[in-house]
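To start, the structure itself, in C-alpha cells.
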Amino acid sequence: MKRVAIIGGGAAGLCMARYLGAKSRMFNYVIYEKGKGIGGTWAYDDNIPSLKYGHTGVEDLKSNKDIHSSMYKNLRTNLPKHLMEFPDLSFPQRLKSFVSHKDVLAYLNDYATHFGITKQLRLNNSVTSVKAIQTKEKVSDVIWKVSSIAENSNAPIEEAFDAVIVCNGYLLSLSFFYSSTIGLLCIGTSTIY
Ligand SMILES: Cc1cc2nc3c(=O)[nH]c(=O)nc-3n(C[C@H](O)[C@H](O)[C@H](O)COP(=O)(O)OP(=O)(O)OC[C@H]3O[C@@H](n4cnc5c(N)ncnc54)[C@H](O)[C@@H]3O)c2cc1C
Numbered sequence: 000m001k002r003v004a005i006i007g008g009g010a011a012g013l014c015m016a017r018y019l020g021a022k023s024r025m026f027n028y029v030i031y032e033k034g035k036g037i038g039g040t041w042a043y044d045d046n047i048p049s050l051k052y053g054h055t056g057v058e059d060l061k062s063n064k065d066i067h068s069s070m071y072k073n074l075r076t077n078l079p080k081h082l083m084e085f086p087d088l089s090f091p092q093r094l095k096s097f098v099s100h101k102d103v104l105a106y107l108n109d110y111a112t113h114f115g116i117t118k119q120l121r122l123n124n125s126v127t128s129v130k131a132i133q134t135k136e137k138v139s140d141v142i143w144k145v146s147s148i149a150e151n152s153n154a155p156i157e158e159a160f161d162a163v164i165v166c167n168g169y170l171l172s173l174s175f176f177y178s179s180t181i182g183l184l185c186i187g188t189s190t191i192y
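Per numbering that gives the first Met the number 0: the sequence shown = residues 0 to 192.
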C-alpha cells in the first residue's frame, strides 16, 4: 500500500483523490487543505472587495493569507457546465448552462461526498515543507517528509509519504518544496508554474 499526500483541496486535489480512491488496495491518501473548506478558488469570500487596490491581483491575494480566491460576487462561469463537470458526476439538471460560483462550490462538495473523499480531508492544515529523503542508492528511492501546521497550533507535524501530489493552484507559491532531483507532478492550474 502506497501512502500519498495531496496538497490542496480544490478541483484538482479532489479529482486526484477520486482516482486514488478508486484504487484503494494500492493507495492510501490524505488531502491537506489550508482553508476551512474545500473548493479552492470557488470558495468565495465576501472580504475580497475590501482589498488594497480595489481589485484582486496576485499581490493582493499573497498579502492576505485568509483569502485564496479572486472569485467575485456575481461571477458566473465562462464555460458551460457540461464542459466544466467531471466525467463521472453531472451538475444538477435544474441549473442553467453558465452556473454561479456557489453552484460550482456546491458541485465540488457533492463530488467529495459522492466519492468518499470527505473523510480523508485535513482542513485548516497548511503544508509548510516537503522534503525528499533518499532511502537507497537510486534517486527514485525516496520517501517524502511532509510538514504541516494546523490552524491555532504552533507545532508542525511531520509525516512520511511514498508520493506527493501538488494541487495548490496558481495563486500560491511552491516555496515549501525542497527537492532539486525529483520530478514533481502539479495538476490543475498548478501547472501554470
Ligand atoms: C475568477 C476566476 C474565474 C474562473 N472561472 C472559471 C470558469 O468559469 N470555468 C473553469 O473551468 N475554470 C475557471 N477558473 C479556473 C479555476 O482556477 C479552475 O476551475 C479550478 O478551480 C482550479 O483548481 P485547482 O485545484 O487547480 O486550484 P485552486 O482552486 O486554487 O485550489 C488550490 C487549493 O490548494 C490549497 N493550498 C494551497 N497551498 C496550500 C498549502 N501549502 N497547504 C494546504 N493547502 C494549500 C488552497 O487553499 C486551495 O484550496 C476560474 C478562476 C478564477 C480565479
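Just so you know, even glycine gets a beta-carbon here, dropped at the ideal spot from N, CA and C.
### Query
Quick one: what does DSSP say K51 is sitting in, helix, strand or coil?
Caution applies to K51, whose pLDDT of 49 falls short of 50 and renders its modelled position unreliable; the value that the coordinates give is listed next. DSSP, reduced to helix, strand and coil, places K51 outside both helices and strands of the structure shown, so it counts as coil.
### Task
Identify which residue in E157, R75, L78, A11 has its Cα closest to the Cα of S125.
The shortest C-alpha separation from S125 is found at E157.
### Task
Check whether the Cβ atoms of E150 and N123 lie closer than 8 Å to each other.
Their beta carbons are under 8 Å apart, which means E150 touches N123 by this criterion.
### Query
Are at least three pairs of beta-carbons, each pair with one atom in the segment 108-118 and one in the segment 127-138, less than 8 Å apart?
The segment 127-138 and the segment 108-118 do not touch, with fewer than three beta-carbon pairs separated by less than 8 Å.
### Task
Identify, in the order they occur along the chain, each residue of the same chain with its Cβ nearer than 7 Å to the Cβ of I132, setting aside the five sequence neighbours on each side.
Hits under 7 Å: V141, I142, K144.
### Message
Please report the straight-line C-alpha distance between I5 and F97, rounded to a whole angstrom.
### Response
Whole-angstrom Cα-Cα distance: 29 Å.
### Message
Mapping the DSSP letters down to three states, classify A42 as helix, strand or coil.
### Response
A42 falls in the coil class under three-state DSSP.
### Residues near S152 by beta carbon distance below 7 Å, same chain, minus five either side
Within the same chain, S152 has no close Cβ partners at all.
### Query
Thinking C-beta only, is K80 closer than 8 Å to F90?
A contact, by the Cβ cut-off of 8 Å.
### Query
How big is the Cα-Cα spacing for T134 and M70?
Using only the alpha carbons, I get a separation of about 43 Å.
### Message
Can you tell me whether T40 is buried or exposed? The criterion is at least 16 other CB atoms within 10 Å of its CB, across all chains shown.
### Response
Buried: at least 16 other Cβ atoms inside 10 Å.
#### Entry: Opposing strand residues paired with R75 [DSSP bridges]
Listed as beta-bridge partners of R75 by DSSP are S99.
### Task
With a threshold of 7 Å, establish whether the CB of L88 neighbours any heavy atom of ligand 1.
No, Cβ of L88 sits at least 7 Å from all heavy atoms of ligand 1.
### Task
Please go through the segment 99-173 and give each complete beta strand (DSSP E) segment of 3 or more residues, from N-terminal end onward.
Segments of the beta strand (DSSP E) lying fully in the segment 99-173: 124-133, 141-149, 156-160, 162-165.
### Query
Should Y110 be listed as close to ligand 1, given that the test is whether its C-beta is under 7 Å from any heavy atom?
No, the beta carbon of Y110 sits no closer than 7 Å to any heavy atom of ligand 1.
### Task
Leaving aside the five residues before and after G12 along the sequence, list all residues of the same chain whose C-beta is less than 6 Å from its C-beta, in chain order.
Within the same chain, I5, I30, C166 come within 6 Å of G12 by CB-CB distance, once the 5 residues on both sides are set aside.
### Query
Taking 7 Å as the cut-off, is the CB of A11 close to at least one heavy atom of ligand 1?
Flag set: Cβ of A11 near ligand 1.
### C-beta contact flag for K22 and D161 at 8 Å
Taking 8 Å as the cut-off, the beta carbon of K22 is found no closer than this to the beta carbon of D161.
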